[in-house]
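Numbering (full-length UniProt numbering), first residue to last: 1 to 168.
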């Protein structure tokens, strides 16, 4: 998909690969604090908003008219996803009995891995028609996940201080 992406925006395939970095940098940086902020704002609301922003960012990727706009949309995707993953794990940990948590986390990891390994294949198939369809498909999946949200019973148990995000 990177060669098609590069051709659309008039950049090389290696330059197109920087779109992966544009996604991963905010994702990794915001993961450091997103759990704490999400606990303050409420897990359910944060996850639903995170998926909503991810949907909009994915559609912005599909509709981007220039390379800088595409990179900005990819960065927004990464930032939005950083507010889902840690909170989903926290919700899972509080919703599942301790004796079943290992199995639940195993399933969570397996499904995450399945998504990460199938995404390049499905994205490549979508790119056979037009690379933009890969982002439309991702937006549709994120919309479904956002509607599903997380169970209300997986609510936070306290309101951590914002400084706690920076403590080991």
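By construction, the Cβ of each residue, glycine as well, lies at the ideal position given by its N, Cα and C atoms.
Under 7 Å between C-beta atoms of residue 50 and residue 27: Taking the first residue of the chain shown as 1, we reach residue 50 at position 50. Taking the first residue of the chain shown as 1, we reach residue 27 at position 27. The answer is no: Cβ separation not under 7 Å.
Mind the definition here: the stretch 98 to 105 touches the stretch 65 to 81 only if three or more C-beta pairs lie below 8 Å; say whether that holds. no
Helix, strand or coil for residue 58? Go by DSSP, reduced to three states. On the chain shown, position 58 is the one that residue 58 refers to. Of the three classes helix, strand and coil, the one that applies to residue 58 here is helix, per DSSP.
If we call anything under 7 Å between Cβ atoms a contact, is residue 137 one with residue 47? Against the chain shown, residue 137 aligns to sequence position 137. Against the chain shown, residue 47 aligns to sequence position 47. No; because the gap between Cβ atoms is not below 7 Å, this pair is not in contact.
In chain order, what residues of the same chain have a beta carbon less than 6 Å from the beta carbon of residue 109, not counting five sequence neighbours either side? For the purposes of this step, residue 109 is taken as residue 109 along the chain shown, with counting starting at 1. None.
Separation of residue 12 from residue 42, as counted between CA atoms: Locating residue 42 in the chain shown gives position 42, counting from the first residue. Locating residue 12 in the chain shown gives position 12, counting from the first residue. Each residue's Cα considered, the two are about 42 Å apart.
If the criterion is Cβ atoms closer than 7 Å, does the pair residue 127 and residue 54 meet it? As a first step, residue 127 is located in the chain shown; it is residue number 127 there, counting from the start. As a first step, residue 54 is located in the chain shown; it is residue number 54 there, counting from the start. Annotated as distal: residue 127 and residue 54, with beta-carbon spacing of 7 Å or more.
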